[in-house]
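Engineer: Supplied in structure tokens, the structure appears directly below.
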Amino acid sequence: DVKVTQSSRYLVKRTGEKVFLECVQDMDHENMFWYRQDPGLGLRLIYFSYDVKMKEKGDIPEGYSVSREKKERFSLILESASTNQTSMYLCASSLQPYTDTQYFGPGTRLTVL
Amino acid sequence: QKEVEQDPGPLSVPEGAIVSLNCTYSNSAFQYFMWYRQYSRKGPELLMYTYSSGNKEDGRFTAQVDKSSKYISLFIRDSQPSDSATYLCATTGGYQKVTFGTGTKLQVIP
């Protein structure tokens, strides 16, 4: 079974803090994704990575950066957290970038105070 | 206009009912259609996957795509309380990111 794990289920941070969200997958997938999920807005793509050290901006990259130093690990970084970044963050991985099943982690509920 | 529109619900049905969940989309280039199921406090998981128009059946679940009207449906027969979840439709043309609907929350009452 594909397993995607995320470093924290719940996180509370203060405005201006630097926040790291980590994601690890164990299926040797080339492609990894970071989404945020908000009520009424659904899943929105922040960044995706199609190979180690390769990344592409998604629909809402502002205020975020990513790092992929190893194939299995994809990190989302909030350089200076703001209250409007309070959300559910979901990581996913897939074999092919666009047409393949995406396997999601359990999510990190981030609250920025 | 959003690329994928989905009624957020909530939809509440008695156990054993037939459930119909629907999405509309605007981009005629979309060719691949998916339904993900998301239980509370979990990540989405793929439920059904179809390519182009037509029907696909898997147990109690049937996915239907009508490309002429840009309409995607998921039918659940003999619904069970364990089907209570949020259902997200998703689609892509194959060479760009997957676009997700906002999800419909379903509750099946015993």
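Keeping their order, the protein sequence lines are chains A and B. Residue numbers for the first sequence follow the numbering used here, beginning at 14 and rising by one. Residue numbers for the second sequence follow the numbering used here, beginning at 1162 and rising by one. Glycine included, every Cβ here is placed at the ideal spot set by N, Cα and C. Just so it is clear, the structure is predicted and the values come from calculations on it, not from any experiment.
Going along chain B, which residues have a C-beta under 7 Å from Leu103/A?
Structural biologist: Within 7 Å Cβ-Cβ: Gly1204.
Engineer: What does Glu75/A pair with, by DSSP beta-bridge criteria?
Structural biologist: According to DSSP, Glu75/A bridges with nothing at all.
Engineer: Report yes if the CB atom of Ile90/A is closer than 8 Å to the CB atom of Phe33/A, and no otherwise.
Structural biologist: Cβ distance < 8 Å, so Ile90/A and Phe33/A count as in contact.
Engineer: For Thr1253/B, I'd like the list of residues in its chain whose CB is within less than 6 Å of its CB, leaving aside the five on either flank, ordered along the chain.
Structural biologist: The answer, listed in chain order, is Tyr1193, Val1259.
Engineer: Pick from Tyr60/A, Arg49/A, Glu85/A, Lys84/A: whose alpha carbon is nearest that of Ser78/A?
Structural biologist: Checking every option, the nearest Cα to that of Ser78/A belongs to Tyr60/A.
Engineer: Given a limit of 7 Å on CB to CB distance, which residues of the stretch 1250 to 1264 of chain B reach chain A?
Structural biologist: Those would be Thr1253, Gly1255, Tyr1256, Gln1257, Lys1258, Val1259, Phe1261, Gly1262, Thr1263, Gly1264, in chain order.
Engineer: Is the separation between the beta-carbon of Gly55/A and that of Gly1204/B shorter than 8 Å?
Structural biologist: For Gly55/A and Gly1204/B, no; Cβs fall outside 8 Å.
Engineer: Using a Cβ cut-off of 9 Å, pull out every chain B residue sitting near Tyr111/A, in sequence order please.
Structural biologist: Going along chain B in sequence order, the residues near Tyr111/A (Cβ under 9 Å) are Tyr1193, Thr1253, Gly1254, Gly1255, Tyr1256, Gln1257, Lys1258, Val1259.
Engineer: Listing by chain order, which chain B residues have their CB less than 9 Å from the CB of Pro119/A?
Structural biologist: Within 9 Å Cβ-Cβ: Arg1202, Lys1203, Gly1204.
Engineer: Just to confirm my understanding: we take Ala1246/B, look at its own chain, exclude 5 residues before and 5 after, and list those with CB closer than 7 Å. What are they?
Structural biologist: Here the set comprises Arg1198, Gln1199, Tyr1200, Leu1267.
Engineer: What are the residues of the stretch 1167 to 1181 of chain B that lie near chain A, defined by any Cβ-Cβ distance shorter than 9 Å?
Structural biologist: So the close ones are Gln1167, Pro1169.
Engineer: Which value, in whole angstroms, describes the spacing of the CA atoms of Thr28/A and Ser95/A?
Structural biologist: Computed Cα separation, rounded: 5 Å.
Engineer: In the DSSP assignment, what are the bridge partners of Ile2/A?
Structural biologist: Examination of residue 2/A is not possible in this model, given that chain A is present from 14 through 126 alone.
Engineer: Checking the sheet assignment: what are the DSSP bridge partners for Tyr116/A?
Structural biologist: Beta-bridge pairing links Tyr116/A to Ser106/A.
Engineer: Go ahead and pull the three-state DSSP assignment for Gln1167/B.
Structural biologist: Strand, per DSSP.
Engineer: Counting contacts by CB-CB distance shorter than 8 Å, is Tyr1210/B in contact with chain A?
Structural biologist: So yes, Tyr1210/B belongs to the interface.
Engineer: What does Met101/A pair with, by DSSP beta-bridge criteria?
Structural biologist: Met101/A is bridged to Gln50/A, Arg122/A.
Engineer: Since Leu1267/B meets chain A, which of its residues come closer than 7 Å, beta carbon to beta carbon?
Structural biologist: Correct list: empty, because the minimum Cβ distance to chain A is about 16 Å.
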